[in-house]
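Trainee: Below you'll find the structure I mean.
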Ligand SMILES: [Ca+2]
Ligand SMILES: [Ca+2]
């Protein structure tokens, strides 16, 4: 539609003003960009021996539980003091259940029941130490209980939920487990190891290896039941426990506290590390694909039906992804809604954010010196990092928050520029100096 020149000018001014109002509302509503984050790692506690995980019990105690690979679970109290007594010791000085060697073997996962405050139940994922070579190194999913008389000590009685699950090689055991918002227990298992999934477990729907499993641990007297809507439940061909398949070595997954979406880091073979957003029944592609690419060692590359990662990176940035958490804490609004993850070997830490549905932008936040074995959350949703080589737990903080981008609406047509940060950085992080990776800890990923 054409207008006279004068009318056009008025409309243009109106449009300009509307555009200005739109800009105001955009900057008021838009979350901070990952570019605004000045990531710092604040020392929380040290003195751990090859720690693999930090998590919480969700019982209101505000404690952190730190899992050490060789079997000890240790407690940081609400003041972040390390307690002298182990919560549980499955290692050689305790119940002696856990593999004593193997860079990818050990006590790999810990998850507290959603009703832990009431029932005291928690679950572990470990590789078994056994004099029987057929059982040694196999995966066990087991349940333990807290002592009714001491909230900082677990009872030694073990109830095996699942396993022993045969692990043909020492590597690629996966190991994470966590309860979903549906109340079911999710368990990540690697492809059984070797290079290139020689047993083709990832695509074998009758094997539990190379899978994300989902079981119901609230169905006594059975150790567990199958959620009726599992994709291969009952008569449907395939193992009933499977929730998703085609994984290589899923290393840490999480559920977004806001919407329950499931993010998972899957360690690659030779070229690509990936982040997956997993839904029920997904085939994540391994060993047909590594990241978004056909896997060279595999003859056919039938990609139909495969679910691609939402992000990948190559050997220029790292060699072994460590999945993290979607930040839903309140201390650092700049991080809110970002999926924070890293690379075990390179120490890089990134934020992944969905800029529009299905479009993910990755921003590097920090190139740290740490071997990142895990991220973790506390009860409030603050996010932590576990330094494998130096035995330290750090909290992810924003060292110098930029001013919030919510300009006050004014009548001027000039957009107020976003102020440049002038704040003095917070006190310097007093982190323990990084010790160089000692031999034996840098071979997390076996080629
Ligand atoms: Ca079945
Ligand atoms: Ca994949």
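Numbering (my numbering), first residue to last: 317 to 763. Quick reminder that beta carbons are idealized off the backbone N, C-alpha and C, glycines included.
1. Which same chain residues end up closer than 8 Å to residue 587 when comparing Cβ atoms and leaving out the 5 residues on each side of it in sequence?
2. Taking just the CA atoms, how far does residue 619 sit from residue 545?
3. Going by DSSP in three states, residue 741 sits in which element: helix, strand or coil?
4. Roughly how many angstroms lie between the CA atoms of residue 445 and residue 365, to the nearest whole one?
5. Which same chain residues, not among the five before or five after residue 570, have their C-beta less than 6 Å away from its C-beta?
6. Quick test of your reading: residue 267 and residue 350, contact by CB under 8 Å. State the CB separation rounded to the nearest angstrom.
7. Would you say residue 543 touches ligand 2, meaning its beta carbon is less than 7 Å from a heavy atom?
8. Can you tell me which residues form a DSSP beta bridge with residue 589?
9. Hey, would you say the C-beta of residue 602 is under 7 Å away from at least one heavy atom of ligand 2?
10. Run the CB neighbour count on residue 409, radius 10 Å, all protein chains shown included, and call it buried at 16 or more, exposed below.
11. How long is the line joining the alpha carbons of residue 655 and residue 643, rounded to whole angstroms?
12. Put residue 689 into one of helix, strand or coil per three-state DSSP.
13. Could you check the C-alpha separation between residue 553 and residue 377 for me, to the nearest Å?
14. Could you round the C-beta distance between residue 492 and residue 504 to whole angstroms and report it? I think they count as a contact, below 8 Å.
15. Quick check: does the Cβ of residue 439 come within less than 7 Å of any heavy atom belonging to ligand 3?
16. List in chain order: all unbroken beta strand (DSSP E) runs of 3+ residues lying wholly within the stretch 483-508.
17. Report yes or no: do three or more beta-carbon pairs, one from the stretch 384-399 and one from the stretch 420-428, lie closer than 8 Å?
18. Do residue 653 and residue 688 come within 8 Å of each other at the CB atom, strictly closer than that value?
19. How is residue 435 classed by DSSP in three states: helix, strand or coil?
20. Does the Cβ of residue 434 have 16 or more other Cβ atoms within 10 Å, making it buried, or fewer, making it exposed?
21. Since residue 425 is in the beta strand (DSSP E), which residue starts that stretch and which ends it?
Mentor: According to the structure data:
1. What you label residue 587 is simply residue 271 of the chain shown in a count that begins at 1. Excluding sequence neighbours, residue 587 sits near 606, 607, 609, 630 and 631.
2. On the chain shown, position 229 is the one that residue 545 refers to. On the chain shown, position 303 is the one that residue 619 refers to. Straight-line Cα distance between these residues: approximately 25 Å.
3. For this step, residue 741 is matched to residue 425 along the chain shown. Only weak support is given to the placement of residue 741: the predicted model assigns it a pLDDT of 42, under 50, and the question is left unresolved by the model.
4. Mapped onto the chain shown, residue 445 falls at position 129. Mapped onto the chain shown, residue 365 falls at position 49. Each residue's Cα considered, the two are about 19 Å apart.
5. Indexing the chain shown from 1 puts residue 570 at position 254. The answer, listed in chain order, is 579 and 641.
6. Residue 267 is absent from the model: the chain starts at 317 and stops at 763.
7. Taking the first residue of the chain shown as position 1, residue 543 is located at position 227. No.
8. The residue you call residue 589 lines up with position 273 of the chain shown. The secondary-structure analysis by DSSP pairs residue 589 across a beta bridge with 629.
9. In the chain shown, residue 602 corresponds to position 286, counting from 1. Residue 602 Cβ: within cutoff of ligand 2.
10. Indexing the chain shown from 1 puts residue 409 at position 93. By the neighbour-count criterion, in which 16 or more other beta carbons inside 10 Å mark a residue as buried, residue 409 falls on the exposed side.
11. Walking along the chain shown from the start, residue 655 turns up at place 339. Walking along the chain shown from the start, residue 643 turns up at place 327. Answer to the nearest angstrom: the Cα atoms are 6 Å apart.
12. Numbered from 1 along the chain shown, position 373 holds the residue referred to as residue 689. When secondary structure is reduced to three states using DSSP, residue 689 falls in the strand class.
13. Counted from its first residue, the chain shown places residue 553 at position 237. Counted from its first residue, the chain shown places residue 377 at position 61. Rounded to whole angstroms, residue 553 to residue 377 spans 44 Å at the Cα level.
14. The residue labelled residue 492 in the question sits at position 176 within the chain shown. The residue labelled residue 504 in the question sits at position 188 within the chain shown. Yes, they are in contact, since the Cβ atoms of residue 492 and residue 504 sit about 5 Å apart, within 8 Å.
15. As presented, the structure is devoid of ligand 3, carrying ligand 1 and ligand 2 as its sole ligands.
16. The DSSP assignment places 493-495 and 501-505 as complete runs of the beta strand (DSSP E) inside the stretch 483-508, in order along the chain (cut-off: 3 residues).
17. Verdict: yes, contact present.
18. Along the chain shown, one-based indexing puts residue 688 at 372. Along the chain shown, one-based indexing puts residue 653 at 337. Result no, Cβ atoms of residue 688 and residue 653 do not sit closer than 8 Å.
19. For the purposes of this step, residue 435 is identified with residue 119 of the chain shown, where counting begins at 1. Three-state DSSP puts residue 435 in a helix.
20. Residue mapping note: residue 434 aligns to position 118 of the chain shown, counting from 1. Residue environment for residue 434: exposed (fewer than 16 other C-beta atoms within 10 angstroms of its C-beta).
21. Taking the chain shown and counting its residues from 1, the one referred to as residue 425 is at position 109. Residues 423-428.
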